[in-house]
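This report concerns only the one structure given below.
Numbering (this note's numbering), first residue to last: 657 to 1120.
Put into structure tokens, the structure is as follows:
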């Protein structure tokens, strides 16, 4: 594909309306296979042809995954920079990639497979062979996880090429499924491949089906060529990587920017995507409210959302500490001891003894309590550590992307630079070097890094 060719994109999930509106403004991009709600909302005609790139919301509704040609994914990704806290990462195990791997561990439901630079999980039901440790297997990535989910990619030993309307399955002996349909199409499926039709194929025109199969057959040919020339003695190696997978995480400001895109098309309440990302039940409630009340203006309804879906006083929430490289680590769970309708919750955690508190250098003792105040939308949050006797042992202010207080967890992406206030009142700014390194590595855009530095300076001045 050249830059001059029209790029077709298929979109699904809670961000579909906003992204459809955004991509309509992107040069050389058109949306195809629009869902019924999208067709109703837009006064335009959408094509039904095959998609060069697919966009789907991840399982936790925090962002989207892009799958398609390398050039196509890069072009679409450029159009998805909706806010300062939009972050993206290439997946080292893209959907459809084929690896030679080695089994390193067997678990109750499957095996962990070393793929070289990463590892995957092969469910036992995805292979007909008996699998043991040190077995060498040829596997394909079927479901790459978003990096913030901290899961291994799902693998399969049956090789296939997935499309929007059909899937080609590579088998030594084939008995074609749906021969009547293939007989009327001007497409030749090579030996060793079988066609499995998707339900969407039932209503598609013949020319659309042929175009869809043509693209799949090109990818199947590249797989055949790569397998025929691959070094069989290699223990772990990526053999085929015909398509790219990239993950895009939307922060709070990005979600509100997407609200504006959606509002240009259809009634959209304040915090539409923010609420939908937090809870599945809340997602349905948002649709209900917007259907009833088309005129929706005002601020994000933090009080209403937390009263209806949580968290409230007495609830427990996890602290999902996102890292600029895409990972998420848990800082543990705490009790919500206070909820302010204006947007703040107070979370208390009992600390385990041993080691020291980062940057403070203060020893962690039995009975210590961490009191953290999270305010929806702020670029920082403070944690005060107190001893069993109530004495303040230090304050740590974390600088991050705008905080989101979801029903079961508080979420943000850490931006490295922080400010601490020691027990003796000394104020210190730390980890600027880590932020600089993240910028150098391409994990934090310079604009976002500059925002983090400005926030850190303001916090430092306020504490001094």
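Positions of the beta carbon are idealized from the N, C-alpha and C atoms, including for glycine. Fair warning: this is a prediction, and the values are worked out from it, not measured in the lab.
**OP:** Consult DSSP for residue 833 and reduce its assignment to one of helix, strand or coil.
**Re:** Residue placement at residue 833 cannot be trusted, given a pLDDT of 48 that sits under 50; what the coordinates show is reported in the next sentence. Correct three-state label for residue 833: coil.
Original post:
Considering only the beta carbon of each residue, do residue 782 and residue 824 sit closer than 9 Å?
Top reply: Taking 9 Å as the Cβ cut-off, residue 782 and residue 824 do not qualify as a contacting pair.
Original post:
Using the C-alpha atoms, what's the distance from residue 741 back to residue 1015?
Top reply: The alpha-carbon atoms of residue 1015 and residue 741 are separated by roughly 25 Å.
Original post:
Which residues does DSSP pair with residue 977 in a beta bridge?
Top reply: Beta-bridge partners assigned by DSSP to residue 977: 985, 1068.
**OP:** Tell me whether the beta-carbon of residue 771 lies closer than 9 Å to the beta-carbon of residue 757.
**Re:** Their beta carbons are under 9 Å apart, which means residue 771 touches residue 757 by this criterion.
**OP:** Provide the residue span of the beta strand (DSSP E) that contains residue 796, from first to last.
**Re:** Per DSSP, residue 796 belongs to the beta strand (DSSP E) from 792-799.
**OP:** Give every residue of the same chain whose Cβ lies closer than 6 Å to the Cβ of residue 1023, excluding the five residues on either side of it in the sequence, and list them in chain order.
**Re:** The residues 1044, in chain order, have a CB closer than 6 Å to that of residue 1023 in the same chain once the five nearest residues on each side in sequence are set aside.
**OP:** Label residue 717 either buried or exposed according to how many other C-beta atoms from any shown protein chain fall within 10 Å of its C-beta, with 16 as the threshold for buried.
**Re:** Residue 717 is buried by the Cβ-count criterion.
Original post:
Of all the options 852, 879, 1040, 731, which has the alpha carbon lying nearest to the alpha carbon of residue 869?
Top reply: When only C-alpha atoms are compared, the closest one is 852.
Original post:
With 16 other CB atoms within 10 Å as the buried threshold, where does residue 937 fall?
Top reply: It counts as exposed.
Original post:
What is the DSSP secondary structure of residue 1029, reduced to helix, strand or coil?
Top reply: Strand at residue 1029.
Original post:
Are the beta-carbon atoms belonging to residue 854 and residue 820 less than 9 Å from one another?
Top reply: In this structure, residue 854 lies near residue 820, with their beta-carbon atoms less than 9 Å apart.
Original post:
Mapping DSSP to helix, strand and coil, what is residue 751?
Top reply: Residue 751 falls in the coil class under three-state DSSP.
Subject >> residue 775, buried or exposed, once every other Cβ within 10 Å from all chains shown has been counted against 16 >> reply: Buried, by the Cβ-count rule.
Subject >> Same chain only: Cβ atoms within 7 Å of residue 1124, ignoring 5 sequence neighbours per side >> reply: A question about residue 1124 goes unanswered here, because the residues of the chain that appear run from 657 up to 1120.
Subject >> Whole-Å CB distance - residue 893 paired with residue 755, under 8 Å assumed >> reply: Rounded, the Cβ-Cβ distance is 7 Å, consistent with contact.
Original post:
Comparing alpha-carbon positions, which option in 739, 703, 746 lies nearest residue 724?
Top reply: Shortest Cα-Cα distance from residue 724 to any of 739, 703, 746 involves 746.
Original post:
Between residue 1054 and residue 807, what straight-line distance do the alpha-carbon atoms span, to the nearest angstrom?
Top reply: Spanning the two alpha carbons is a distance of roughly 26 Å.
**OP:** Please say whether residue 744 and residue 905 have beta carbons closer to each other than 9 Å?
**Re:** Cβ distance < 9 Å, so residue 905 and residue 744 count as in contact.
Original post:
Going along the chain, which unbroken runs of the alpha helix (DSSP H) with 4 or more residues stay wholly within the segment 868-943?
Top reply: As summarised for the segment 868-943, the continuous alpha helix (DSSP H) elements at least 4 residues long and confined to that stretch are 908-919, 928-934, given in chain order.
Original post:
Could you give the uninterrupted runs of the beta strand (DSSP E) lying entirely in the segment 1042-1097, keeping only those of 3 residues or more?
Top reply: If we require 3 residues or more, the beta strand (DSSP E) runs fully inside the segment 1042-1097 come out as 1048-1056, 1065-1077, 1083-1086.
Original post:
Would residue 976 pass as a contact of residue 1066 if the rule is Cβ separation under 9 Å?
Top reply: Yes, these two residues count as a Cβ contact at 9 Å.
Original post:
Which of helix, strand or coil does DSSP assign to residue 779?
Top reply: DSSP, reduced to helix, strand and coil, places residue 779 within a strand of the structure shown.
Subject >> Nearest-angstrom Cα separation, counted from residue 850 out to residue 834 >> reply: For residue 834, the predicted model reports a pLDDT of 45, less than 50, meaning its position is unreliable; a value from the coordinates is still stated below. Computed Cα separation, rounded: 10 Å.
**OP:** Would you mind working out which of 1086, 1049, 734, 871 sits nearest residue 681, comparing C-alpha positions?
**Re:** Nearest to residue 681 by alpha-carbon distance, out of 1086, 1049, 734, 871, is 734.
Original post:
Who are the near neighbours of residue 988 in its chain, counting only those whose CB is closer than 8 Å to its CB and skipping five residues on each side?
Top reply: Within the same chain, Cβ atoms closer than 8 Å to the Cβ of residue 988 are found at 974, 975, 1005, the five residues on either side in sequence being excluded.
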